[in-house]
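For reference, the structure is listed below as structure tokens.
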Amino acid sequence: MRIDVSKLLEHLNPAQREAVEHRGTPLMVLAGAGSGKTRVLTHRVAHLIATGDAEPRNILAVTFTNKAAKEMKERIWALLGNSHRELWVGTFHATCARILRGHGHLLGFDLNFSILDEGDQLALAKECCRELNLDTNRFPPSLLLRHVSNAKQNFIDPEEYMAQWAGDYLKGRVARFYALYQEKLKGSQAMDFDDLLFFVLKLFLEHREVLDLYRRRWRHVLVDEFQDTNQIQYRMVKLLAEEHRQVCVVGDDDQSIYSWRGADPGNILRFDRDFPEVRIVRLEQNYRSTRNIIRASSSLISKNRMRKGKDLWTANEPGEMVSV
Ligand SMILES: Nc1ncnc2c1ncn2[C@@H]1O[C@H](COP(=O)(O)OP(=O)(O)OP(=O)(O)O)[C@@H](O)[C@H]1O
Ligand SMILES: [Mg+2]
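With the numbering used here as the guide, the letters of the sequence shown map in order to residues 1000 to 1323.
Have a look at this one:
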């Protein structure tokens, strides 16, 4: 595999190029929609390999949604000229499933554990409600599952949940439900989506040798759509990168669309605090939207108090007027 380094840099604007070439400290790229964040990430992966700064096997590139992962994967393979088994690119969930297939036995899981989809989950939840004699009008299974999901995303296990909420009318029942639900999952060697993340974090915290293995392997950790990461994903990234500190996160501090899935926009501020030597690059040119959309969204965005400032501009046509 030979990649021409100067060709790689040719189709990048100066800020994008800076982010792709940056080495030595953690990197955070902040930009609005359509400003080439994914382009930076994919080119950075190819650039690390092309310059010899990293072997494909030493790179982990992750993101939150299947759609973003698919896009990232296709664009990286296109730049590299072919796909590469040793280079891990995918969603956090797929990455975690792969880790657990390798080391889940340390937590008592069969290596070919099954992964429940939403339908299976609901069926299992109903079974738990029946066994616990829970009135499903007052405690709909889907609501119980949401509480469980929330707990898992905050890395709270059934025992801790019970200890915290035993005396509470609603959450005390959630606690009993959570305990039984987990027991049944374990009994049938199954995990739900939240378990994939939960158990990898547990694995990393309780089995340092596994964490060390992946720390040594993934000398470069890159995260796309960073604004959508939840607490567990953030802790995972931090654990993997806090020693070598070769981490690049790319995100939009104005558009977390997954707060209902535990995404925590505070992760952008947290990253700044946990990696104080971070280099921050802002991409301020937009390639997708027309000028009027940029102007309208900038004026809305400037009212968002959490953001770390950035300005947007585009060389594109003005386009239709925007009404909001
Ligand atoms: N320097 C550039 N020159 C020309 N086109 C570019 C440049 N940077 C990005 N683009 C184009 O702009 C579009 C958006 O890029 P990209 O998907 O990387 O942005 P993004 O910030 O990740 O968007 P999103 O917010 O949707 O994730 C793509 O079609 C991409 O090819
Ligand atoms: Mg993108």
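Cβ coordinates follow ideal geometry from the N, Cα and C atoms, glycine included.
Practice task
Have a look at 1283, 1265, 1211 and flag the residue whose alpha-carbon is nearest the alpha-carbon of residue 1233.
Solution key: 1265
Exercise for the section: In angstroms with no decimal places, state the Cα-to-Cα distance between residue 1306 and residue 1039. Expected result: Residue placement at residue 1306 is flagged as unreliable, the pLDDT there being 49, under the threshold of 50; a coordinate-derived value is accordingly withheld.
Practice task
Could you check which residue in 1173, 1208, 1150, 1182 has the C-alpha nearest to that of residue 1197?
Solution key: 1150
Problem - residue 1276 versus 1263, 1245, 1252, residue with shortest Cα-Cα distance - result: 1245
Problem - Nearest candidate by alpha-carbon position, reference residue 1024, set 1005, 1118, 1280, 1216 - result: 1280
Exercise for the section: Express the C-alpha separation of residue 1231 and residue 1225 in angstroms, rounding to a whole number. Expected result: 13 Å
Handout entry: Exposure label - residue 1168; buried when at least 16 CB within 10 Å
Key = exposed
Handout entry: Where residue 1037 falls: helix, strand or coil (DSSP)
Key = helix
Problem - Segments of 4+ residues assigned as alpha helix (DSSP H) that fall wholly inside the stretch 1217–1258 - result: 1230–1240
Exercise for the section: Return yes when the Cβ of residue 1164 is within less than 7 Å of the Cβ of residue 1174, no when it is not. Expected result: yes
Exercise for the section: Please write down, chain order preserved, every residue whose beta carbon lies under 5 Å from a heavy atom of ligand 2. Expected result: 1036, 1037
Handout entry: Cβ-Cβ distance between residue 1219 and residue 1047 below 7 Å
Key = yes
Problem - DSSP state of residue 1312 mapped onto helix, strand, coil - result: The predicted position of residue 1312 is uncertain, since its pLDDT is 46 and thus under 50; a value taken from the coordinates is nonetheless stated next. Strand at residue 1312.
Problem - CB contact flag (residue 1209, residue 1102, <7 Å) - result: yes
Handout entry: alpha helix (DSSP H) segment containing residue 1097, residue limits
Key = 1091–1102
Practice task
Would you tell me roughly how many angstroms separate the C-alpha atoms of residue 1238 and residue 1068, rounded to the nearest one?
Solution key: 21 Å
Practice task
Can you say whether residue 1081 is buried or exposed, counting buried as having 16 or more other CB atoms within 10 angstroms of its CB?
Solution key: exposed
Handout entry: Same chain, Cβ closer than 8 Å to residue 1242, neighbours up to 5 away in sequence not counted
Key = 1214
Exercise for the section: Look at the alpha carbon of residue 1321 and the alpha carbon of residue 1253, and state the distance between them as a whole number of angstroms. Expected result: For residue 1321, the predicted model reports a pLDDT of 44, less than 50, meaning its position is unreliable and no value from the coordinates is stated.
Exercise for the section: Please go through the same chain and pick out, in chain order, the residues whose beta-carbon is closer than 7 Å to the beta-carbon of residue 1065, but skip the five residues on each side of it. Expected result: 1090
Exercise for the section: Can you grab the Cα-Cα spacing for the pair residue 1143 / residue 1194, in whole Å? Expected result: 16 Å
Practice task
Rounded to whole angstroms, what's the CA-CA distance from residue 1017 to residue 1008? Just pull it up for me.
Solution key: 10 Å
Problem - Run of the beta strand (DSSP E) containing residue 1060, from where it starts to where it stops - result: 1058–1062
Handout entry: Distance, residue 1180 Cα to residue 1123 Cα
Key = 7 Å
Exercise for the section: Give every residue of the same chain whose Cβ lies closer than 7 Å to the Cβ of residue 1308, excluding the five residues on either side of it in the sequence, and list them in chain order. Expected result: Residue placement at residue 1308 is flagged as unreliable, the pLDDT there being 47, under the threshold of 50; the coordinate-derived value follows with that caveat. No residues qualify anywhere along the chain.
Exercise for the section: Report yes if the C-beta distance between residue 1112 and residue 1015 is below 7 Å; otherwise report no. Expected result: no
Exercise for the section: Ignore the nearest five residues each way along the sequence and tell me which others in residue 1086's own chain have a CB closer than 6 Å to its CB. Expected result: 1055, 1058
Problem - Helix, strand or coil at residue 1002 according to DSSP, with G and I counted as helix - result: coil
Practice task
Could you check the C-alpha separation between residue 1117 and residue 1126 for me, to the nearest Å?
Solution key: 14 Å
Exercise for the section: Give the straight-line distance between the Cα atoms of residue 1136 and residue 1204, rounded to the nearest whole angstrom. Expected result: 39 Å
Problem - Own chain residues within Cβ distance below 7 Å of residue 1152, not counting five before or after - result: 1193, 1229, 1230, 1231, 1261
Practice task
Go through its chain and collect everything with a Cβ distance to residue 1304's Cβ below 6 Å, but skip five positions before and after it.
Solution key: With a pLDDT of 47 at residue 1304, under the threshold of 50, the modelled position of that residue is not reliable, and no figure is offered here.
Handout entry: residue 1004 vs residue 1049 beta-carbon contact at 7 Å
Key = yes
Exercise for the section: State the beta-bridge partners of residue 1087 as determined by DSSP. Expected result: 1059
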